[in-house]
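K.L.:
Take a look at the following structure, please.
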Ligand code: SF4
Ligand code: SF4
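Protein chains in written order, with our numbering: chain G, 1 to 408; chain F, 1001 to 1417.
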């Protein structure tokens, strides 16, 4: 059996961040993901806590938030922990494609649903969309590209919209990854810029669907800016999220360089536990199962979507280790009366409770396993979607779990 | 062209609930190499679980784009819900081809094992013929085998003949015996890979056996010929099972043959004995690395001052064993090896030779070639023969199997007796 310093279970943002942190500390790491995680589902920008109003200092907002929610994952990391982790994340993205905050607080960015959405760190390709001014903005969509409806978006954002055919490929049915690939071809982007230029009516800003290529999105943006004379920005679209793929690819590339092993595709099917410690995991790829050993383990399998939690008939369970899951006492209480209740359903706070060092707790409130830590959305007591805290929780707890694990 | 013998309705073997497991996360769309280069293929989400809901064994297929799926299985490797996407596509493709009839070309390409041996014997005649432009034009227009693509040339002495003819190895094998499944391509077109496997294993104290073997059957499966694939599989299991029951493990050097033997024999073809065999089948690098990790071998490699690009084939990734060859290559001093940032070579086995797929294969491969060029390597290393062919074709660089480089950097064996 192979032996590692750390095995991270889950290849979403929390797992990747944990692996990256551990590798930087010199550890030999294996990532066992049951698929690619949710980065292509979200991953357009880095939310930390969207409920803090733009203009308010995020450090102050966070400390107030932590005081009111002492069980929240952020209460484990503290704002300093979040800040350090975000710095480490940003280091992975040197310019030109860097992530930055516009002020010390949240900013508002237009979305593919036609809303202005608060978020904290944004990639360079979205910077010109911050605080978009409708009167001087043109939103451009493409004929046959169903994942971005420019008419609807522009209607909601109260700016002008235009739908144009793709240059060279005038057919529909192109997917975002296919267009992202074309956007790496300089002459295609130039043509696109010309097509857009012809439809402009003096706008100074142009919003386009977020598909500016995977490798050099800023170069594509600059080419479009040169062709149109306007500031150009990306607007998030339906999955798969190209900006999310950029994040995944960057982690993957850097981790591979540092010798991190990736197991993708088939999830961890079994954990081997003995005398209060996890000894190893079994990854099954039918008909075979392979074992991997490590000194420490981080559980970053997400909630329901990634399979980190399973909803049974009466109870929600964590299927791999059977870590106790904090949850409403009866299924009848999982959902609030109205489905679109602004207060999240109690079920969406379900998750794994941990000690201050992010080690999961057993029923009696003791440490569940000596060498198991948890990170990301599987943690209890957050409502990442409603709070707009998804990426912040992933990054901060992934970072902290790895540091705690390796300090042990 | 309908194969009348094929009675088992394979598409009926897919439990429909798999389609419902899809949570529409679109991870698969993010990685599919085909839908990235052409809008004519709707991508794994729609081709797999999306269309599966509407496919009924009793109704004719309507998805003519299904033949565009290369079967690379990358979609399977990123799906968080365990939807067997590529398998759905394979079964849908089989049904489509059965209804539409396969082209003679499909049979010719899929059964290269039947003429490979003869072609090797006649290599001096066959090879120039395969390069002859008139013949290629005929193949192109009659058989629709794309003329732009160089066909692999045959070697005069097959690998298994070489193995039998070589002087018996000296002995002193401290690590026991291991059997080698070489696959067709090593046997007739790239014998040096097989010779490198033998040299490398022997250098580490392993005695190599060569049990009788056939084509793994993957080319047949690729055109939906389940019956033919099962036949090949059953023969290989009959030959290899007694070997492993004797306590001898089997290694393979082709990741696609390996994928087929290890997983598809049981999971897709449902062959008896396949699961037992799978327990003892290993990728050759995986095998050596595990001996190394267990401190049973300590290979001593001479420094190699080379800059190499390593490409992980799709089927290696689908096996989900990490990148054992890359780890082994890391043991060679002086070797600067970087992983190629690309998803797929696009050849898809025989896929890229087919005229209607050639443009797709070239577009996917073109992205790979660019990723290779960014590394500016002296050589390219990859475990799959299809990838090697494609990368040679697109970059003109020297492309080798990891075992070839490892063999070349072995310290010369001490001369005994
Ligand atoms: S097997 Fe490969 S080509 Fe086919 S749908 Fe999946 S990713 Fe695409
Ligand atoms: S990756 Fe799996 S779950 Fe996600 S869309 Fe594709 S088939 Fe559905």
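Think of the CB as a built atom: it goes at the ideal place given N, C-alpha and C, for glycine as much as any other residue. Remember, predicted model here, so these are calculated numbers, not experimental data.
(1) If residue 1201 (chain F) sits next to residue 1168 (chain F), beta carbons under 8 Å apart, how far is it from one beta carbon to the other, in whole angstroms?
(2) Is residue 1012 (chain F) buried or exposed, if buried means 16 or more other CB atoms sit within 10 Å of its CB?
(3) If we define contact as Cβ-Cβ less than 9 Å, is residue 1057 (chain F) a contact residue for chain G?
(4) Once the 5 residues before and after residue 342 (chain G) are set aside, which same chain residues still bring their CB inside 7 Å of it?
(5) Using a Cβ distance threshold of 8 Å, determine whether the stretch 1328-1345 of chain F contacts the stretch 1283-1293 of chain F, with at least three qualifying pairs required.
(6) Which residues, in chain order, does the stretch 281-296 of chain G contribute to contact with chain F at a C-beta distance below 8 Å?
(7) Considering only their Cβ atoms, is the gap separating residue 1347 (chain F) from residue 1404 (chain F) smaller than 9 Å?
(8) Can we say the stretch 264-271 of chain G touches the stretch 235-252 of chain G, given the rule of at least three CB pairs closer than 8 Å?
(9) Determine which residues of the stretch 76-98 of chain G have a Cβ less than 9 Å from any Cβ of chain F, and write them out in chain order.
(10) Does residue 307 (chain G) come within less than 9 Å of chain F when only Cβ atoms are used?
(11) Could you check if residue 186 (chain G) is buried or exposed, using at least 16 other CB atoms within 10 Å of its CB as the buried criterion?
(12) Cβ of residue 1089 (chain F) versus every heavy atom of ligand 2: is any distance shorter than 8 Å?
(13) Rounding to the nearest angstrom, what Cα-Cα distance links residue 158 (chain G) and residue 174 (chain G) in this structure?
(14) Can you grab the Cα-Cα spacing for the pair residue 1043 (chain F) / residue 1356 (chain F), in whole Å?
(15) Classify residue 1151 (chain F) as helix, strand or coil using the three-state DSSP reduction.
(16) Per DSSP, which one or two residues make a beta bridge with residue 138 (chain G)?
(17) Just the chain G side, please: which residues come within less than 8 Å of residue 1267 (chain F) by C-beta, in chain order?
(18) Where does residue 1307 (chain F) land, buried or exposed, given buried means 16+ other C-beta within 10 angstroms?
(19) Please confirm if residue 183 (chain G) has its CB atom under 9 Å from at least one CB of chain F.
(20) Assess, as a yes-or-no matter, whether the stretch 103-112 of chain G is touched by the stretch 40-57 of chain G under the definition of 3 or more beta carbon pairs within less than 8 Å.
(21) Considering Cα atoms alone, identify which of F:1072, F:1318, F:1402 and F:1080 is closest to residue 35 (chain G).
(22) Would DSSP call residue 278 (chain G) helix, strand or coil?
(23) So what does residue 325 (chain G) bridge to, in DSSP terms?
(24) When you compare each of F:1060, F:1187 and F:1030 to residue 41 (chain G) by their alpha carbons, which one comes out closest?
(25) Does the beta carbon of residue 1010 (chain F) come closer than 9 Å to any beta carbon on chain G?
(26) Any beta-carbon of chain F closer than 9 Å to the one on residue 340 (chain G)?
(27) List, in chain order, every chain F residue whose beta-carbon is nearer than 7 Å to that of residue 256 (chain G).
(28) Provide the residue(s) that pair with residue 1033 (chain F) in DSSP beta bridges, ordered along the chain.
(29) Taking its Cβ as the centre, do 16 or more other Cβ atoms sit within 10 Å of residue 1138 (chain F), making it buried, or is it exposed?
(30) Can you tell which of F:1199, F:1287, F:1088 and F:1151 has the C-alpha that lies nearest to the C-alpha of residue 1056 (chain F)?
(31) Check the Cβ-Cβ distances between residue 167 (chain G) and every residue of chain F, and say whether any is below 9 Å.
(32) Would you kindly check if the distance between the Cβ of residue 1150 (chain F) and the Cβ of residue 1385 (chain F) is under 9 Å?
(33) Using a Cβ-Cβ cut-off of less than 7 Å, list which residues of the stretch 214-243 of chain G approach chain A; keep chain order.
(34) I'd like to know whether the C-beta of residue 266 (chain G) is nearer than 9 Å to at least one C-beta of chain F.
(35) Answer with buried or exposed for residue 1213 (chain F), where buried requires no fewer than 16 other C-beta atoms within 10 angstroms of its C-beta.
(36) Anyone know if the C-beta pair for residue 98 (chain G) and residue 135 (chain G) falls short of 9 Å?
P.N.:
Quick answer:
(1) With 8 Å as the limit, residue 1201 (chain F) and residue 1168 (chain F) do not qualify as a contact, their Cβ atoms being about 15 Å apart.
(2) Here residue 1012 (chain F) scores only 41 on pLDDT, less than 50, and its place in the model should not be relied on; the value that follows carries that caveat. Residue 1012 (chain F) is exposed by the Cβ-count criterion.
(3) no
(4) At residue 342 (chain G), the pLDDT of 46 sits below 50, so the modelled position is not reliable; the number obtained from the coordinates is stated separately. There are no such residues.
(5) yes
(6) 283, 285, 286, 287, 288 and 290
(7) no
(8) no
(9) none
(10) yes
(11) exposed
(12) no
(13) 27 Å
(14) 18 Å
(15) coil
(16) G:160 and G:206
(17) 286 and 287
(18) exposed
(19) no
(20) yes
(21) F:1080
(22) strand
(23) G:352
(24) F:1030
(25) Low per-residue confidence applies at residue 1010 (chain F): pLDDT is 47, beneath 50, and the placement is therefore not dependable, though the value from the model is reported in the following sentence. For residue 1010 (chain F), the answer is no, since every Cβ of chain G falls outside 9 Å of its Cβ.
(26) Low per-residue confidence applies at residue 340 (chain G): pLDDT is 46, beneath 50, and the placement is therefore not dependable enough to give any value.
(27) 1339
(28) Paired residue(s): none; residue 1033 (chain F) is not in a bridge.
(29) exposed
(30) F:1088
(31) no
(32) no
(33) Going by chain labels, chain A is absent from the structure shown, which instead holds the protein chains G and F.
(34) yes
(35) buried
(36) no
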